[in-house]
Amino acid sequence: MATFPTKRLRRLRYNPTVRDLVRETILTKNDLIYPLFVVPGEKVKHEVRSMPGVFQMSIDVLVEECKEVEKLGIPGVILFGIPDHKDEVGSGAYDPNGIIQQAVRAIKKETKKLLVITDVCLCEYTSHGHCGVLDGEKILNDETVELLVKESVSHAEAGADIIAPSDMMDGRIGVIRKVLDEKGFTEIPVMSYAVKYASGFYGPFRDAAESTPAFGDRRSHQMDVANSNEALREAESDIEEGADIIMVKPAGAYLDIIWRVKEKFGMPTAAYQVSGEYAMIKAAGRNNWIDEERVMVESLMAIKRAGADMILTYFAKDVVKYLDKNR
Ligand code: PBG
Numbered sequence: 001m002a003t004f005p006t007k008r009l010r011r012l013r014y015n016p017t018v019r020d021l022v023r024e025t026i027l028t029k030n031d032l033i034y035p036l037f038v039v040p041g042e043k044v045k046h047e048v049r050s051m052p053g054v055f056q057m058s059i060d061v062l063v064e065e066c067k068e069v070e071k072l073g074i075p076g077v078i079l080f081g082i083p084d085h086k087d088e089v090g091s092g093a094y095d096p097n098g099i100i101q102q103a104v105r106a107i108k109k110e111t112k113k114l115l116v117i118t119d120v121c122l123c124e125y126t127s128h129g130h131c132g133v134l135d136g137e138k139i140l141n142d143e144t145v146e147l148l149v150k151e152s153v154s155h156a157e158a159g160a161d162i163i164a165p166s167d168m169m170d171g172r173i174g175v176i177r178k179v180l181d182e183k184g185f186t187e188i189p190v191m192s193y194a195v196k197y198a199s200g201f202y203g204p205f206r207d208a209a210e211s212t213p214a215f216g217d218r219r220s221h222q223m224d225v226a227n228s229n230e231a232l233r234e235a236e237s238d239i240e241e242g243a244d245i246i247m248v249k250p251a252g253a254y255l256d257i258i259w260r261v262k263e264k265f266g267m268p269t270a271a272y273q274v275s276g277e278y279a280m281i282k283a284a285g286r287n288n289w290i291d292e293e294r295v296m297v298e299s300l301m302a303i304k305r306a307g308a309d310m311i312l313t314y315f316a317k318d319v320v321k322y323l324d325k326n327r
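For the sequence shown, position 274 (counting from the first letter as 1) is numbered 274 according to my numbering, and the numbering increases by one without interruption.
What follows is the structure in structure tokens.
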């Protein structure tokens, strides 16, 4: 093997054209999924305090936004709903006329090929802000799964293109798949939040989705941040249960997990660059402490390099603008 001075790795960094030629990871529009928050009302466009550039939108505004997202060439959006009323069992989540069901129908009417992905969980719909039904302070697994199934079916009936369960209850993917198939939705993929950590990086999302738990936390169902082998077991069980796409969340601080999951299973792998990751880059950028655009691209490139095939990111529109500018 050649060594210096024969071997000079800088040769292939000599100029931008050479660098383009040898670049291993390419970030494209096709990698992006844009999260959106929908609220009741009309003409509502309310910026989330801790997420500059991210808005809660009423359905009329949301539809216009989705048309723009489609025009920009972003393949899909993922929807989070904030209902007008919350209760103990999160009924708004599986109401055929719930906020998400109405939003999906409205978007599908006004767009052609935009993928409408729906987040399936109860936390935005329960009065206590937990991801499931409670017995005292305990989150019940199997009772919750039944409701998640109803929620998934109602999303599919409204026209959702992909169902994305984010609750982390055991066994939900298998039952959701089975019931979707029985109802004739055999072609609707399930994107499982398979490896979801109990993370402090979700803080700003809870402002956006108004889903902060009234007591306690999510550590009895979301993963311990210290664990890595367990991530493989979580991914494996969701794959066995029929998940089509496996998600790791958060992304930036969990690149090792993305890498291991991708290496081990070779499944279509999604990564969620969550609200806190977005907020940190935005905040530092706004203070001119970092170059926001550059760090945005670097953070997403790293997630892709780690093995993600697609990235859910609040930066999606900014990325497209960046890519178009730098073509
Ligand atoms: C649950 C859900 C959460 C996020 C996506 N789906 C919040 C949670 O688990 O507490 C977080 C996404 C983000 O922080 O951007 N419905």
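Where a beta carbon is used, it is the ideal one built from N, C-alpha and C, also for glycine.
Residue i Cβ short of 7 Å to ligand 1 heavy atom set
{"i": "Y202", "result": "yes"}
{"i": "C123", "result": "yes"}
{"i": "G276", "result": "yes"}
{"i": "R49", "result": "no"}
{"i": "S211", "result": "yes"}
{"i": "D119", "result": "yes"}
{"i": "Y34", "result": "no"}
{"i": "R219", "result": "no"}
{"i": "F205", "result": "yes"}
{"i": "Y197", "result": "no"}
{"i": "S166", "result": "yes"}
{"i": "Y272", "result": "yes"}
One or two residues paired with residue i in a DSSP bridge
{"i": "L312", "result": "I33 and Y272"}
{"i": "L62", "result": "DSSP lists no partner for L62."}
{"i": "M337", "result": "Residue 337 is absent from the structure shown; the chain starts at 1 and stops at 327."}
{"i": "E47", "result": "F55"}
{"i": "S192", "result": "I246"}
{"i": "V120", "result": "P165"}
{"i": "I139", "result": "L134"}
{"i": "T126", "result": "D87"}
Cut-off 7 Å between Cβ atoms - residues of its own chain near residue i, not counting five sequence neighbours on either side
{"i": "A106", "result": "I59 and V63"}
{"i": "G129", "result": "C123, S211, T212, P213 and A214"}
{"i": "V44", "result": "Q56, M57, S58 and V61"}
{"i": "F185", "result": "A156"}
{"i": "K49", "result": "The question names Lys, but residue 49 in the sequence shown is Arg. Contacts found: D207."}
Residues near residue i in its chain [Cβ-Cβ closer than 6 Å; skip 5 each side]
{"i": "K262", "result": "T269 and G307"}
{"i": "K183", "result": "V153"}
{"i": "E240", "result": "none"}
{"i": "A316", "result": "L32, Y34 and I74"}
Helix, strand or coil at residue i [DSSP, three-state]
{"i": "E70", "result": "helix"}
{"i": "L339", "result": "This structure cannot speak to residue 339, because the chain is shown only from 1 to 327."}
{"i": "A164", "result": "strand"}
{"i": "D87", "result": "strand"}
{"i": "V38", "result": "strand"}
{"i": "T17", "result": "helix"}
{"i": "L115", "result": "strand"}
{"i": "E24", "result": "coil"}
{"i": "A2", "result": "coil"}
{"i": "I239", "result": "helix"}
{"i": "N326", "result": "coil"}
{"i": "A290", "result": "In the sequence under discussion, the amino acid at residue 290 is Ile, which differs from the Ala named in the question. Reduced to three states, the DSSP call for I290 is coil."}
{"i": "D217", "result": "coil"}
Same chain only: Cβ atoms within 8 Å of residue i, ignoring 5 sequence neighbours per side
{"i": "Y314", "result": "Y34, P35, M51, G53, V54, Q273, S275 and Y278"}
{"i": "A260", "result": "It is worth fixing the name first, because residue 260 is Arg in this sequence and not Ala. Around R260: S228, A231 and L232."}
{"i": "L140", "result": "G132, V133 and L134"}
{"i": "I188", "result": "A156, A160, D161, I162, I163 and L180"}
Ligand 2 heavy atom lying under 7 Å from the CB of residue i
{"i": "I176", "result": "As presented, the structure is devoid of ligand 2, carrying ligand 1 as its sole ligands."}
Count the C-beta pairs between the region 148 to 163 and the region 88 to 102 that are closer than 8 Å, then say yes if the count reaches three, no if not.
yes
Should the region 167 to 175 be called in touch with the region 224 to 233, which here means at least 3 C-beta pairs below 8 Å?
no
Could you tell me whether the region 229 to 245 touches the region 186 to 197, where touching means 3 or more Cβ pairs closer than 8 Å?
yes
Kindly confirm or deny that the region 7 to 24 and the region 288 to 301 touch, where touching means at least three C-beta pairs closer than 8 Å.
no
Count the CB pairs spanning the region 196 to 206 and the region 249 to 258 that are closer than 8 Å, and state whether there are at least three.
yes
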